[in-house]
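Reading through the structure tokens given below for one structure.
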Amino acid sequence: MAEAHRPGLVLRLHPEAFEPLVALAEWQQQLTAGGSEAPPAEAHFIGRVRGRSASGAALEALELEHYPGMTEAQITRLATAIAEHHGLLALRVDHRVGRVLPGEAIVLVAVAADRRGPAQRGGQELLEALKHDAPFWKREWSNGVGRWVEGNTAY
Amino acid sequence: MAEAHRPGLVLRLHPEAFEPLVALAEWQQQLTAGGSEAPPAEAHFIGRVRGRSASGAALEALELEHYPGMTEAQITRLATAIAEHHGLLALRVDHRVGRVLPGEAIVLVAVAADRRGPAQRGGQELLEALKHDAPFWKREWSNGVGRWVEGNTAY
Amino acid sequence: MIHVRLFAGLREQAGWGERSLAISAESPPDTPAGLWRQLGLGETVPPQVRVAVNQAFAALDQPLQPGDEVAFLPPISGG
Amino acid sequence: MIHVRLFAGLREQAGWGERSLAISAESPPDTPAGLWRQLGLGETVPPQVRVAVNQAFAALDQPLQPGDEVAFLPPISGG
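Chains as they are written, first to last, in the working numbering: chain Z, 335 to 489; chain X, 335 to 489; chain V, 33 to 111; chain D, 33 to 111.
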């Protein structure tokens, strides 16, 4: 890559459904654009909406509120720190906002590195950072009633 | 899935180049066939051939020898044990054999689970198991000379 | 002026999401903790509420400047 | 008969990859360690070499049965 020492973050916030494998294909193409060698190690994580709420009721939808502006700034800060710590080559984050239906993807995290350890650890840390330190709030809708989710599902 | 309590392993050994995202798309389709809900958590790892040998020479190709029959049996045993330990929903392993060129994918590991922790940990364990306990042997070819790789690259 | 934003459950409890407050030139610089009281949101900011100033996390006692955007954030649940 | 297989570097050092050995009915059951000597591969199996019997890892002293497939595996480098 032209900027091998400044690992790039690609960040997309999606108000509509997105297809994680299409996002990954686009990212991989960018990484090898201009004949660059594909990274030796890639770790991905995809999170999708469950069909049940935390209380076990059938879920109609998950509503994702965020803080426009801070979301992008904060994810960039988090990703940059993790990339430097692990010496990553590239990162990609796709995150839904708005109304998300059961089975739809909420989040994609992808990390490229020279070795499997940094790729896997970097991807895990970035996902935890999104869950705890990026300004997103989930509201579960069941039977027409919305309930804000306090905190995250168990790791 | 029809067999929710018997997590399925899809295993493919590829004598020719394979496209990891195509394999993932096929696997995801199988997981949601018949209207089954997509798994809440998916972790993937893709490993590709580096352009340099362990000694730093330009690599022409990596040759992957394996033990037909034992490879499949052993990966099935490893995946089954890891799936039971972590309560996984599904697993997929794609592994190249034969002559692999720099930049080509050697391995894809994909794991589906109900939560991110088991998906990530299960995927990591399966990858380490493939590296240490499945009968594959790598030979690096540089300048027309082949050299068997003893052991694995650093984690 | 200081711009204040509330999100998610906090916004719904308060009944508003955005406000702008005038700051008088002679008053001491305000802080997020002071704003919370001044806006009638409560005596002290609850421990689970985090504060951002200009879209970055900040301390409750950070001195504020005219033009700052202050946000009170309920517990985060992203990813 | 017992079938013996060598892989990768071991195969190339030995100059062969597969052999079948007859077992006499009166001889005691052989083991992978015994086969290694009998085939002239060395006095003892080096610690980095692993053994598989019928395509599953096995101990060096596992008694062998007629029809078994015994493989000697150099250090693995998969994934």
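All residues carry an ideal CB built from backbone N, CA and C; glycine is no exception.
Short CB-CB distance (under 8 Å) between residue i and chain V
| i | result |
| --- | --- |
| G432 (chain Z) | no |
| W471 (chain Z) | yes |
| A468 (chain Z) | yes |
| L464 (chain Z) | yes |
| E438 (chain Z) | no |
| E399 (chain Z) | yes |
| A415 (chain Z) | no |
Contacting residues, own chain, Cβ-Cβ under 8 Å from residue i (five flanking each side not counted)
| i | result |
| --- | --- |
| L393 (chain X) | V383, R384, G385, R386, S387, P436, E474, W475, S476 |
| G111 (chain V) | none |
| F89 (chain V) | R82, V83 |
| G457 (chain Z) | A377, H378, F379, V443, A444, V445 |
| R449 (chain X) | P374, A375 |
| G480 (chain X) | E397, R473, E474 |
Same chain only: Cβ atoms within 6 Å of residue i, ignoring 5 sequence neighbours per side
| i | result |
| --- | --- |
| A336 (chain Z) | At A336 (chain Z) the pLDDT is 38, less than 50, meaning the model places this residue with poor confidence and gives no usable figure here. |
| P354 (chain X) | I380, A439, L442 |
| P402 (chain Z) | none |
| P64 (chain V) | V83, L92, V102 |
| E50 (chain D) | R37 |
| Q408 (chain Z) | A468 |
| T366 (chain Z) | A372 |
| L53 (chain D) | I34 |
Beta-carbon gap between residue i and residue j smaller than 8 Å
| i | j | result |
| --- | --- | --- |
| R426 (chain Z) | W361 (chain Z) | yes |
| L398 (chain X) | V356 (chain X) | no |
| L423 (chain Z) | P373 (chain Z) | yes |
| W482 (chain X) | G41 (chain D) | yes |
| A395 (chain Z) | V434 (chain Z) | yes |
| I34 (chain D) | L96 (chain D) | yes |
| L460 (chain Z) | L412 (chain Z) | yes |
| E418 (chain X) | L345 (chain X) | no |
| A375 (chain Z) | A463 (chain Z) | no |
| P452 (chain X) | H400 (chain X) | no |
| I108 (chain D) | H429 (chain X) | no |
| V85 (chain D) | D100 (chain D) | yes |
| T410 (chain X) | L347 (chain X) | no |
Beta-bridge partners of residue i, as assigned by DSSP
| i | result |
| --- | --- |
| A375 (chain X) | Z:G381, X:A447 |
| G342 (chain Z) | Z:A424 |
| V441 (chain Z) | Z:G381, Z:H429 |
| L105 (chain V) | V:R82 |
| I34 (chain D) | D:L53 |
| R386 (chain X) | X:A392 |
| G480 (chain X) | X:W475 |
| H348 (chain X) | X:R430 |
| E397 (chain X) | X:R433, X:R473 |
| A115 (chain V) | Residue coverage of chain V in this structure runs from 33 to 111, which leaves residue 115 (chain V) outside it and unanswerable. |
Cutoff 8 Å: residue i Cβ touching any chain X Cβ
| i | result |
| --- | --- |
| I55 (chain D) | no |
| A84 (chain D) | yes |
| L347 (chain Z) | no |
| Q458 (chain Z) | yes |
| E371 (chain Z) | yes |
| F39 (chain D) | yes |
| G111 (chain D) | yes |
| Q364 (chain Z) | no |
| L396 (chain Z) | no |
| R450 (chain Z) | yes |
Residue i at chain D interface by Cβ criterion, 8 Å
| i | result |
| --- | --- |
| H378 (chain X) | no |
| V479 (chain X) | no |
| V445 (chain X) | no |
| V441 (chain X) | yes |
| G381 (chain X) | yes |
Chain Z within 8 Å of residue i, Cβ atoms only
| i | result |
| --- | --- |
| E484 (chain X) | no |
| P525 (chain X) | Only positions 335 to 489 of chain X appear in this structure, which leaves residue 525 (chain X) out of reach. |
| S161 (chain V) | Coverage of chain V is limited to positions 33 through 111, which leaves residue 161 (chain V) absent and any answer about it impossible. |
| A359 (chain X) | yes |
| P106 (chain V) | yes |
| L491 (chain X) | An answer regarding residue 491 (chain X) cannot be provided, because it is not within the stretch 335 to 489 covered by chain X. |
| Q87 (chain V) | yes |
| L355 (chain X) | yes |
| A91 (chain V) | no |
| A336 (chain X) | Low per-residue confidence applies at A336 (chain X): pLDDT is 38, beneath 50, and the placement is therefore not dependable, though the value from the model is reported in the following sentence. A336 (chain X) does not count as touching chain Z. |
| A103 (chain V) | yes |
| Q454 (chain X) | yes |
Other residues of its chain near residue i: CB distance less than 7 Å, five sequence neighbours each side excluded
| i | result |
| --- | --- |
| A46 (chain V) | L38, L73 |
| M404 (chain X) | P469 |
Any non-hydrogen atom of the ligand COA within 7 Å of residue i CB
| i | result |
| --- | --- |
| A444 (chain X) | Questions concerning the ligand COA fall outside what the structure shown contains, since it holds no ligand whatsoever. |
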